[in-house]
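Enquirer: Numbering (the working numbering), first residue to last: 259 to 421. Handing you a structure now.
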């Protein structure tokens, strides 16, 4: 593991990574803390700000998948901004159930699932963790989606008559 790829990355990539780490760390505090207290609100505002910086900043990072620089992961950024809008709007409208559902989904789908793709070979986090060049990112991504599949399908095996 070396921080050199992070330190030598362009500024938008560095800001993107810092915002992602901040959002990953603050998410559980905001999502699972006793609701409507001062700490929840401060952490929540900070988390929403980090997620906004993360999503908006992603458009300054060109995609390697297309010649125009906009790729599939930028779709997550659009969805993130939309989800933030809906989640904050729900909190303002005092629709707490919707607020919780949208922001929890954004944390698990927007950060965790999209974050798994940061381990694609050639990406900065892959280089930070595994060095250059490394195909080990595929192992991480495969293991992650294997765990997700187990979590989703294991409870259903009994319903399907397999357990």
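Heads up, the beta-carbon is just placed ideally off N, CA and C, and yes, glycines get one too.
In the DSSP assignment, find the unbroken alpha helix (DSSP H) run with residue 383 in it and report its ends.
Expert: Locating residue 383 in the chain shown gives position 125, counting from the first residue. First-last of the alpha helix (DSSP H) with residue 383: 382-388.
Enquirer: Please list the terminal residues of the continuous alpha helix (DSSP H) segment that includes residue 347.
Expert: Your numbering for residue 347 matches position 89 in the chain shown. 330-350 is the extent of the alpha helix (DSSP H) around residue 347.
Enquirer: Could you check where the alpha helix (DSSP H) with residue 401 kicks off and where it finishes?
Expert: What you label residue 401 is simply residue 143 of the chain shown in a count that begins at 1. That run of the alpha helix (DSSP H) goes 394-411.
Enquirer: Any idea if residue 327 is buried or exposed, counting beta-carbon neighbours within 10 angstroms, 16 or more meaning buried?
Expert: In the chain shown, residue 327 corresponds to position 69, counting from 1. The residue is exposed, with fewer than 16 neighbouring Cβ atoms inside 10 Å.
Enquirer: Express the C-alpha separation of residue 385 and residue 263 in angstroms, rounding to a whole number.
Expert: Looking up residue 263 in the chain shown gives position 5. Looking up residue 385 in the chain shown gives position 127. When rounded, the distance between both Cα atoms is 6 Å.
Enquirer: Could you tell me the distance, in whole angstroms, from the CA atom of residue 379 to the CA atom of residue 331?
Expert: Numbered from 1 along the chain shown, position 121 holds the residue referred to as residue 379. Numbered from 1 along the chain shown, position 73 holds the residue referred to as residue 331. Cα to Cα, the separation comes out at about 15 Å.
Enquirer: Would you report the Cα separation of residue 335 and residue 396, rounded to the nearest angstrom?
Expert: The residue you call residue 335 lines up with position 77 of the chain shown. The residue you call residue 396 lines up with position 138 of the chain shown. Looking at the two C-alpha atoms, the distance is approximately 22 Å.
Enquirer: Alpha carbon to alpha carbon, how far is residue 342 from residue 389? Give it in angstroms, no decimals.
Expert: Taking the chain shown and counting its residues from 1, the one referred to as residue 389 is at position 131. Taking the chain shown and counting its residues from 1, the one referred to as residue 342 is at position 84. So the two alpha carbons sit approximately 34 Å from each other.
Enquirer: What does a CB cutoff of less than 8 Å around residue 364 pick up in its chain, not counting 5 residues either side in sequence?
Expert: Your numbering for residue 364 matches position 106 in the chain shown. Only 309, 338, 341, 342, 345 meet the Cβ criterion.
Enquirer: Going straight from the alpha carbon of residue 367 to that of residue 373, what length do you get?
Expert: Counting from 1 along the chain shown, the entry for residue 367 is found at position 109. Counting from 1 along the chain shown, the entry for residue 373 is found at position 115. Straight-line Cα distance between these residues: approximately 9 Å.
Enquirer: The alpha helix (DSSP H) spanning residue 283 covers which residue range?
Expert: Within the chain shown, the letter at position 25 stands for residue 283. 269-290 is the span of the alpha helix (DSSP H), which, as asked, contains residue 283.
Enquirer: Can you tell me whether residue 316 is buried or exposed? The criterion is at least 16 other CB atoms within 10 Å of its CB, across all chains shown.
Expert: Position 58 of the chain shown, counted from the start, is the residue given in the question as residue 316. The residue is buried, with at least 16 neighbouring Cβ atoms inside 10 Å.
Enquirer: Residue 361 lies in the alpha helix (DSSP H); which residues open and close that run?
Expert: Against the chain shown, residue 361 aligns to sequence position 103. 354-363 is the extent of the alpha helix (DSSP H) around residue 361.
Enquirer: With DSSP as the reference, label residue 299 as helix, strand or coil.
Expert: Taking the chain shown and counting its residues from 1, one reaches residue 299 at position 41. Three-state DSSP puts residue 299 in a helix.
Enquirer: Is it the case that the CB of residue 390 approaches a heavy atom of the ligand SAH more closely than 7 Å?
Expert: Of the ligands one can find in the structure shown there are none, so the ligand SAH has no counterpart to examine.
Enquirer: Kindly indicate which three-state DSSP category residue 310 falls into: helix, strand or coil?
Expert: By one-based count along the chain shown, residue 310 stands at place 52. It is helical.
Enquirer: Less than 8 Å between the C-beta atoms of residue 319 and residue 286, yes or no?
Expert: By one-based count along the chain shown, residue 319 stands at place 61. By one-based count along the chain shown, residue 286 stands at place 28. Against a cut-off of 8 Å, the Cβ pair of residue 286 and residue 319 comes out as no contact.
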